[in-house]
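In our numbering, the protein residues as written are 130 to 305.
Notes follow once the structure below has been shown.
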């Protein structure tokens, strides 16, 4: 590890991440090592300040899963993806999780978001875009991992699954 680099893991997301926080912190080793910058109801542009604060602590790795609110509000083209991707790229190794096509939103909007994430990540070899969470939700029985009330937020099983996916994808993509 470099002198300026800590053992911290930065996690950036919205309500899906926030609702899974206890499981996420536990799956990533717990305690002070996990910097969770997740706020319910916030779009990517509204999460930039927290992400910037997290990056300022020189984490060794990062996990990013914003976008649900951008998709729900049909603001894929207006999303602050370039700025958030720049922050993810400032972390030595980041994993960016795509969001599922299945949800209360139009799957075409989610697909457009995911494609924009892939496009923005090009040129950043240390930002690894993964579809582990998206594939898990899209491949599961309807409402197996998300609440029937909204089709977006994780249920009890889903919160644990979010954490496991985050931890496993981080271990795979950022093994150091």
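All C-beta atoms in this analysis are idealised placements derived from N, C-alpha and C, irrespective of residue type, glycine included.
Owing to the predicted nature of the structure, the values given are computational and were not obtained by experimental measurement.
Every unbroken stretch of the alpha helix (DSSP H) spanning 4 or more residues and falling wholly within the stretch 185–248 is given here in chain order: 197–201, 210–218.
It is roughly 13 Å from the alpha-carbon of residue 175 to the alpha-carbon of residue 182. In this structure residue 227 is not in contact with residue 273, their Cβ atoms being roughly 18 Å apart against a cut-off of 8 Å. In the three-state DSSP reduction, residue 251 falls in the coil class, being neither helix nor strand. Rounded to whole angstroms, the gap between the alpha carbons of residue 203 and residue 213 is 18 Å. Taking residue 253 as reference, the option from 278, 245, 222 with the minimal CA-CA separation is 222.
Following the DSSP letters along the chain, one finds residue 265 inside the alpha helix (DSSP H) bounded by residues 261–268.
About 6 Å separates the CB atoms of residue 140 and residue 163; that is less than 8 Å, so the two are in contact.
In the DSSP assignment, residue 278 falls outside any beta strand (DSSP E) and carries neither an H nor an E. The beta carbons of residue 225 and residue 256 sit about 6 Å from each other, so the pair counts as a contact at 8 Å. Under the Cβ criterion (8 Å, minimum of three pairs), the stretch 145–157 counts as touching the stretch 292–300. Residue 219 counts as buried, since no fewer than 16 other beta carbons sit within 10 angstroms of its beta carbon.
Across the structure, residue 188 and residue 135 are spaced so that their CA atoms are roughly 5 Å apart. Assigned with DSSP and collapsed to three states, residue 179 falls in helix.
Residue nearest to residue 247 within the set 277, 265, 231, 211 is 211 (criterion: CA-CA distance). Looking at the DSSP output, residue 304 bridges to nothing. As DSSP reads the structure, residue 165 sits in a beta bridge with 140.
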